[in-house]
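Trainee:
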Amino acid sequence: MESPIETCASAPFNHAKADVILRSADGVEFRVFTLFLSLASPFFETLFGLPQAPDGASDQEMKDGLAVIAMSEDSKTLDLFLRFCYPSTLAEDPSLESLTEVLAVLAAARKYSLDLIERRVCQALANPKVLETEPLRCFAIARNARLKHETIIAARHNLRQPLIPALFAEINLISASDLLALLTYHKKCIIAVKALMKNLQWMTAHYGSINGCGWLFNRPNNYNQYCCGQGTDTRFFPWSTAPLAWWTTYMQEIYELLQDSPSGETVRTAADKTIQKVRSAGCTACSGRVKDAMTEFSNLLALKVEESVAPIELEMDF
Ligand SMILES: [Zn+2]
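If you read the sequence shown in the working numbering, its first letter stands for residue 113, the second for the next number, and so on.
Following this line, the structure appears as structure tokens:
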């Protein structure tokens, strides 16, 4: 069998004075200082502290007078992992760009008892950019790692996704009970938000009166004629009065959407679409003010949605 092509890792893992070589699963050699690894991890401290057999009496692979240790991690994971172990003056902590990297580094951190790295991985999981796009994957990884805070944050972010998720790669990291707990939490949030949509008291309290909400009841010509159609769905009649039709349509849409994705984000995204629709419909009065009006309204409703789900707990033991 041909051995893999051995290549050298980049700085700082190519130092001439390094005292051990770690070889990744894909054949990249990292020349590292045992002192840094020993300080970072009890696992390495023990490994490097083992008495050395006299020369020639061991089957330890040597190269350039240094012991070569075969690692099961690939070079990408090993590189990320070692950068965390080194002092920050020599190697900056890497950013964990993808969740796959997070998972690999977390596994290595646990295997080699590196508590510090585990904490850094937590920070990577709590990155809002990752949470917003892949909350369910964050949930699975955080739950698998028994990271309580990160699991709860991920579950909350997942409310912007549909109740029943599509199949995802990390699903096998969690148990059926974990998934059931997540679905139950999501469902409870849906019920809480539904109550909000059934009673518009939060809205009438905010605007005070119909006069505080003129954009919603615009009748430029005479008392009965709305500028662009009148809503007929009495579920959404603030102050028992018919609003403009496009706002009713918006409320009907988010009523449905919130029964799947009970998140403030759902409300804001739908508001952006309504703003576009109203502008392209061409009503002069509404086009001019729909953006300000709907931004204020959707921010208010989004806040109420967040307030409604905030007390609901993810029921899970850690
Ligand atoms: Zn109008």
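Ideal placement from N, C-alpha and C gives every residue a C-beta, glycine not left out.
Please report the residue range of the alpha helix (DSSP H) in which leucine 279 lies.
Mentor: From DSSP, leucine 279 is part of no alpha helix (DSSP H); its letter is neither H nor E.
Trainee: Which runs of the alpha helix (DSSP H), 4 residues or longer, sit entirely within the region 154 to 209?
Mentor: Counting only runs of 4 or more, we get 154 to 161, 187 to 197.
Trainee: Where does serine 410 land, buried or exposed, given buried means 16+ other C-beta within 10 angstroms?
Mentor: Counting Cβ neighbours within 10 Å, serine 410 comes out buried, since at least 16 surround it.
Trainee: Out of Asn330, Pro374, Trp359, which one is the CA nearest neighbour of serine 420?
Mentor: Of the candidates Asn330, Pro374, Trp359, the one whose C-alpha sits nearest the C-alpha of serine 420 is Pro374.
Trainee: Measure the beta-carbon distance from alanine 179 to isoleucine 133 and round it to whole angstroms, keeping in mind my assumption that it falls under 8 Å.
Mentor: Rounded, the Cβ-Cβ distance is 7 Å, consistent with contact.
Trainee: So which of Ala397, Leu237, Leu292 has the shortest CA-CA distance to histidine 269?
Mentor: When only C-alpha atoms are compared, the closest one is Leu237.
Trainee: Is there a Cβ of chain D sitting closer than 9 Å to that of glutamate 244, yes or no?
Mentor: Here there is only one protein chain, and chain D is not present.
Trainee: Give the DSSP bridge partners of valine 144, in chain order.
Mentor: Val132, per the DSSP bridge assignment.
Trainee: How far does the alpha helix (DSSP H) with tryptophan 327 in it reach, from first residue to last?
Mentor: Here tryptophan 327 belongs to no alpha helix (DSSP H), and DSSP marks it neither H nor E.
Trainee: Going by C-alpha distance, which of Arg143, Ala137, Arg135 is nearest alanine 128?
Mentor: Taking only the C-alpha atoms, the option nearest alanine 128 is Arg143.
Trainee: For glutamine 342, list the residues DSSP reports as bridge partners.
Mentor: Answer is Leu356.
Trainee: Specify, as a first and last residue, the run of the alpha helix (DSSP H) that alanine 137 falls within.
Mentor: Taken as a continuous stretch (DSSP letters only), alanine 137 belongs to no alpha helix (DSSP H), as it is neither H nor E.
Trainee: What is the DSSP secondary structure of asparagine 256, reduced to helix, strand or coil?
Mentor: The answer is helix: DSSP assigns asparagine 256 an H, G or I state.
Trainee: Among Ile283, Phe125, Trp358, Leu275, whose alpha-carbon lies nearest the alpha-carbon of cysteine 301?
Mentor: Of the listed residues, the one whose Cα sits closest to cysteine 301 is Leu275.
Trainee: Is there at least one non-hydrogen atom of ligand 1 closer than 8 Å to the beta-carbon of asparagine 330?
Mentor: Under cutoff, so the answer is yes.
Trainee: Whose CA, out of Trp359, Glu173, Glu377, Met363, lies closest to the CA of alanine 414?
Mentor: Taking only the C-alpha atoms, the option nearest alanine 414 is Glu377.
Trainee: Please go through the same chain and pick out, in chain order, the residues whose beta-carbon is closer than 6 Å to the beta-carbon of glycine 442, but skip the five residues on each side of it.
Mentor: Outside the shown range of the chain (113 to 430) lies residue 442, about which nothing can therefore be said.
Trainee: For alanine 267, count the other beta carbons within 10 Å of its own beta carbon; 16 or more makes it buried, fewer makes it exposed. Which is it?
Mentor: When all chains shown are included, alanine 267 counts as buried.
Trainee: In the DSSP assignment, find the unbroken alpha helix (DSSP H) run with phenylalanine 409 in it and report its ends.
Mentor: Counting along the chain, the alpha helix (DSSP H) containing phenylalanine 409 begins and ends at 396 to 421.
Trainee: Excluding sequence positions up to five away, which residues of its chain have a Cβ less than 8 Å from the Cβ of glutamate 141?
Mentor: Within the same chain, glutamate 141 has close Cβ partners Glu118, Thr119, Cys120, Ala121, Ile133, Leu134, Arg135, Lys175, Val180.
Trainee: In three-state terms, what does DSSP make of asparagine 126?
Mentor: Residue state, collapsed to three classes: strand.
Trainee: Check the DSSP bridge columns for cysteine 120 and list the partner residues they point to.
Mentor: Its beta-bridge partners are Glu141.
Trainee: Are the region 311 to 319 and the region 287 to 299 touching by the rule of at least three beta carbon pairs closer than 8 Å?
Mentor: The region 311 to 319 vs the region 287 to 299: no contact.
Trainee: Applying the 10 Å Cβ sphere with the 16-neighbour rule, what's the burial state of isoleucine 424?
Mentor: Buried, since its Cβ has 16 or more Cβ neighbours within 10 Å.
Trainee: Tell me whether alanine 288 sits in a helix, a strand or coil according to DSSP, three-state version.
Mentor: It is helical.
Trainee: Exposed or buried, proline 298, counting other C-beta atoms within 10 Å across all chains shown (16 or more means buried)?
Mentor: For clarity, residue 298 is histidine in the given sequence; the question names proline instead. Answer is buried; the Cβ neighbour count reaches 16.
Trainee: Give the secondary structure of methionine 428 by DSSP, where H, G and I count as helix, E and B as strand, and everything else as coil.
Mentor: Here methionine 428 sits in coil by DSSP.
Trainee: On the criterion of 16 or more Cβ atoms from any shown chain inside 10 Å, does alanine 393 qualify as buried, or is it exposed?
Mentor: The residue in question, alanine 393, is exposed, as its Cβ has fewer than 16 Cβ neighbours within 10 Å.
Trainee: What does a CB cutoff of less than 7 Å around glutamate 418 pick up in its chain, not counting 5 residues either side in sequence?
Mentor: Counting only Cβ-Cβ distances below 7 Å, and skipping sequence neighbours, we find Gly376.
Trainee: Are there 16 or more other CB atoms within 10 angstroms of the CB of glutamate 114, so buried, or fewer, so exposed?
Mentor: Note that glutamate 114 scores a pLDDT of 47, beneath 50, so its modelled location is shaky; the value from the coordinates is reported in the next line. By the 10 Å Cβ count, glutamate 114 comes out exposed.
Trainee: CA-CA distance, proline 206 and proline 199?
Mentor: Their backbone Cα atoms lie some 12 Å apart in a straight line.
Trainee: Counting C-beta neighbours from all protein chains within 10 Å, is the total for arginine 258 16 or more, i.e. buried, or is it exposed?
Mentor: The residue in question, arginine 258, is exposed, as its Cβ has fewer than 16 Cβ neighbours within 10 Å.
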